[in-house]
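Trainee: Attaching a single structure in structure tokens format; questions to follow.
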Amino acid sequence: MLRKQIWSAIAMTIVLMIITGGIYPGVVTVLAQLIFPHQANGSLITTSTGQVTGSALIGQGFSKPEYFHPRPSAAGNGYDDTASSGTNKGPTDRKLADTLIRQAVDSAVVQDGAVRGKVPSDMATSSASGLDPDISPANAAQQVARVARTRGVSVDAVRALVANHTLGRQFGFFGEPRVNVLSLNLALDSSFRRAPEATASK
Amino acid sequence: MTANGWLQIFFYSVALLAVTKPMGLYLLKVYDGSMRWLAPIERIIYRVCGVDPEEDQHWTRYATAVLFFSAVSLLVTYVALRLQHVLPLNPANRGAVPDRQAFETASSFTTNTNWQSYSGETTMSYFSQMTQLAFHNFASAAAGMAAAVALARGVSRKSAGRIGNFWVDMTRGTLYLFIPMSIVLALLFVQQGVIQNFHSYVTATTVEGAKQVLAMGPVASQEAIKQLGTNGGGFFNTNSAHPFENPTPWTNFLQILAIFIIPAGLVYAYGRMVKNVRHGWAIWAAMYVLFFAGVTVAYRAEARGNPIHASRGVDIVASETNPGGNMEGKEVRFGIANSALYATITTDASCGCVNSMHDSFTPLGGLVPLANIQLGEIIFGGVGAGLYGMIVMVVLTVFIAGLMVGRTPEYLGKKIQSREVRMAMLYVLIFPASILLFSAVSVLLPAGLKGLNNAGPHGFSEILYAFSSTTGNNGSAFAGLTGASYYYNTTLGLATLIGRFAMQVPMFALAGFLAERKQAPETAGTFPVTTPLFVVLLIGVILIVGALTFFPALALGPVVEHLLMGAGKLY
């Protein structure tokens, strides 16, 4: 009796492994590749020469002043997609309050003329994944003047571009309004020239 | 807190209510054997596995079948992870998983915990993810459902002592329930941007000219069962916060609905099985009240934010454009409301997937997931496990009510006597014993303190959360704790096994004992289990049992940290 049970356990493990671990993901892959190939392969953005610039869904690092900057990231050295991570620092952690958040606030004040105490909450904090592709509309608005100044274009023109790239809540009420940093920066490059010194160095 | 945040919470509640009955009716058809469209495949499986589908098992036999199946599948996965480097589908050339980590991962996935001390994108091959981890997602979920259905049979049958056939329940749950639902959900995910491929990692050249390696893999298929099976083990390190696992607010909504849909439906199905639909709804109501209380506390705490961070210059007041609150460890697309909602749901159930980092929540925001787990994950709960955990509490409630009026307690016509209560108490006591003893030992050992990422009371919370999560088979974490050490891999792995099997055995015994009891007709002295009074009493018993056991530990962690945060103290 017991031996029969053990055999059933072994056989059931193998059978279910084949069905759920082989056939099921196989079927899903075939269907996904047939119906939604772009999404199934990572929503990749490519240049005209076929080079991959990134994924529309994954944040990437920007530090030059002519671009909008993403949120601080704890993934590897910042936006490392093979090392997704948050800081996992708790609410009473000294490093979080006095190093990470203070630095982010200082940089918003110095670079973007933010008022201390009025720095948008997503601008000063790291995301859960370290790969957050979005910033809040308030965060983007805070950076508009810097980007316009560096590129030598009007604040209104940049503001209009940001408005165009602001995603509302999905179906009107799901989630929060947001701005995809990569798509906004790509639009910047195609609408306006890059920073004068960046063009000169080429 | 914003009006739109509350709108999303209410919309979720309405959606959950709407899917409960249809899901419950479907579950009834799956487990009573009347659904037949895959009968030929079923027959082949029974023949290969040497199963007689007509056999009705005694509870001892049912329990040994569960244990044998779990032991075998655990062993297979351990071996497969150790041999990962020689097995196929390994484009990123991941090496063998270290022994202690392979043990912990195998136990963790076998027990529906999915605690992960590894980081998926740098540890696991596609083969391991698919054939081992995703397989366990299905198998442990189907086994949990089987256990709950067996208990429901025990309650509903008249002096039988037999509670069904584990192999049949297992097969039918996998074929008719989890696979079809997962295929549909996976495709909905892919449409929104969840990836599903077998490519090697893609190297991108970013706009500023840096290199960014994009991780790939069969994510959507695993994501779907991870939610539906309340497993929670992510393909990537940051789980459902990673944009390739959870790209949009819509996928986020589908994910949290997928966590509760089967447990909620099962409560309704249970009512039908024991021929008392109103009792099913009474349990549903108690669960909903506890869920709503949890999400309210968590949302309020996270939306109020952290006064220390405000004093460093952060604007924690929400507006139409600024998320405000505590955004540390949260994603912009989800914001405060969806992060609090997700954290509440994933710990009400035994899912443990996360879309935000619980470790970085405010003390009271983080207290909610921790307390949810410590109440036994019976608020809708894990698939199957939530219902059987809840029925144990119901039995205790009926027992206490019986003591108060001085009559022999009955539950649905079955007398509750010492052996039933003994099994229920065993179930209730093993749980905190594992959590509190492991936590206490860990704070005394250098090896236990070495893995901490935070000092002060928050460090203690990390340890308490780890053992609550593993014993509760949840799998979420205060993820700062480094679980990848000999000490933690071993102790946490053991905690998952205790939390699953040392608790399931008394539960099966309870099912068997109840099944043996004759059905007695209801009398005027029978405590009704369909009234608001019952709902209130049930909630009271759950909260009192939970609070008496865990309040001292919680006081040393989140409670004291909340007071310290208000005083601006840092560690």
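Chains as they are written, first to last, in our numbering: chain Z, 108 to 309; chain R, 558 to 1128. Each residue gets a CB set at the ideal place from its N, CA and C atoms; glycine is no exception.
Starting from S769/R, follow the beta strand (DSSP E) in both directions and report where the run begins and ends.
Mentor: According to the sequence provided, residue 769/R is Gln. The question's Ser does not apply to it. 768-771 is the span of the beta strand (DSSP E), which, as asked, contains Q769/R.
Trainee: Counting Cβ pairs closer than 8 Å, one from the segment 777-786 of chain R and one from the segment 202-211 of chain Z, do we hit at least three?
Mentor: no
Trainee: Using the three-state DSSP reduction, which class does P800/R fall into: helix, strand or coil?
Mentor: coil
Trainee: Check distances from the C-beta atoms of the segment 228-252 of chain Z to those of chain R and list, in chain order, the residues that come in under 9 Å.
Mentor: S228, D229, M230, A231, T232, S233, S234, A235, S236, G237, L238, D239, P240, D241, I242, S243, P244, A245, N246, A247, A248
Trainee: Return yes when the Cβ of G161/Z is within less than 7 Å of the Cβ of T763/R, no when it is not.
Mentor: Yes.
Trainee: For A116/Z, decide whether its Cβ has a neighbour in chain R, counting only Cβ atoms nearer than 7 Å.
Mentor: yes
Trainee: Starting from the Cα of A798/R, find the closest Cα among R639/R, M884/R, P1085/R, G766/R and give me that residue.
Mentor: M884/R
Trainee: DSSP three-state call for D219/Z: helix, strand or coil?
Mentor: DSSP places D219/Z in the helix class (H, G or I) of the three-state scheme.
Trainee: Cα separation between E1159/R and F810/R?
Mentor: The requested residue 1159/R is not part of the displayed model; chain R covers only 558 to 1128.
Trainee: Which residues in chain R sit within 9 Å of G275/Z, going by Cβ to Cβ distance?
Mentor: In chain R, no part has a C-beta under 9 Å from the C-beta of G275/Z; the shortest such distance is about 11 Å.
Trainee: When we look at the beta-carbon of W563/R and count the other beta-carbons within 10 Å, is it buried (16 or more) or exposed?
Mentor: exposed
Trainee: On a Cα-Cα basis, can you pick out the residue from I840/R, N694/R, N1010/R, A1036/R that is closest to N912/R?
Mentor: Of I840/R, N694/R, N1010/R, A1036/R, the residue nearest in Cα terms is A1036/R.
Trainee: Within 7 Å of any Cβ in chain R, is that where the Cβ of P198/Z sits?
Mentor: yes
Trainee: Counting only beta-carbon atoms, is Q748/R nearer than 7 Å to chain Z?
Mentor: yes
Trainee: Give the secondary structure of L274/Z by DSSP, where H, G and I count as helix, E and B as strand, and everything else as coil.
Mentor: strand
Trainee: With a threshold of 7 Å on Cβ separation, who are the neighbours of A245/Z within its own chain once the five nearest residues in sequence on each side are excluded?
Mentor: P227
Trainee: Do Y968/R and M1064/R have their CB atoms nearer than 7 Å?
Mentor: no
Trainee: What's the C-alpha gap between L293/Z and G275/Z?
Mentor: 20 Å
Trainee: Verify whether the separation of the beta carbon atoms of L1095/R and T904/R is less than 7 Å.
Mentor: no
Trainee: Tell me whether the beta-carbon of F937/R lies closer than 7 Å to the beta-carbon of G943/R.
Mentor: yes
Trainee: With three or more beta-carbon pairs closer than 8 Å as the criterion, would you say the segment 801-808 of chain R touches the segment 687-704 of chain R?
Mentor: no
Trainee: Give the range of the alpha helix (DSSP H) segment to which V1000/R is assigned.
Mentor: Going by DSSP, V1000/R is part of the alpha helix (DSSP H) stretching over 975-1001.
Trainee: With a threshold of 16 other CB atoms inside 10 Å of the CB of S297/Z, please say whether the residue is buried or exposed.
Mentor: That one is exposed.
Trainee: So what does DSSP say about Q158/Z, is it helix, strand or coil?
Mentor: coil
Trainee: If we ignore side chains and look at the alpha-carbon of each, how far apart do M702/R and E877/R end up?
Mentor: 43 Å
Trainee: Any heavy atom of the ligand GDP closer than 6 Å to the CB of A1036/R?
Mentor: You won't find the ligand GDP in this model; it holds no ligand whatsoever.
Trainee: Report the rounded CA-to-CA distance for T853/R versus Y825/R, giving the unit in angstroms.
Mentor: Cα to Cα, T853/R sits roughly 25 Å from Y825/R.
Trainee: Mind pulling the chain Z residues with CB within less than 8 Å of N794/R?
Mentor: By Cβ distance, chain Z contributes A190, S191, S192.
Trainee: Apart from the five residues just before and just after K586/R, which ones in its own chain have a Cβ nearer than 6 Å to its Cβ?
Mentor: M592
Trainee: Please classify K887/R: is it buried, with 16 or more other beta-carbons within 10 angstroms of its beta-carbon, or exposed?
Mentor: buried
Trainee: Of all the residues that make up the segment 995-1029 of chain R, which are near chain Z by a beta-carbon distance shorter than 7 Å?
Mentor: N1010, N1011, G1013, H1015
Trainee: Taking the alpha-carbon positions, what's the L1121/R to G862/R distance?
Mentor: When rounded, the distance between both Cα atoms is 14 Å.
Trainee: Roughly how many angstroms lie between the CA atoms of T1080/R and A699/R, to the nearest whole one?
Mentor: The alpha-carbon atoms of T1080/R and A699/R are separated by roughly 37 Å.
Trainee: When you compare the CB of A294/Z with every CB in chain R, is at least one pair closer than 7 Å?
Mentor: Taking CB atoms only, A294/Z has no neighbour in chain R less than 7 Å away.
Trainee: If contacts are defined as beta-carbon pairs under 8 Å, then P920/R and P1115/R qualify, I think. What distance do you get, rounded to the angstrom?
Mentor: 4 Å
Trainee: Do we get a CB-CB distance below 7 Å when we pair T318/Z with the residues of chain R?
Mentor: Only positions 108 to 309 of chain Z appear in this structure, which leaves residue 318/Z out of reach.
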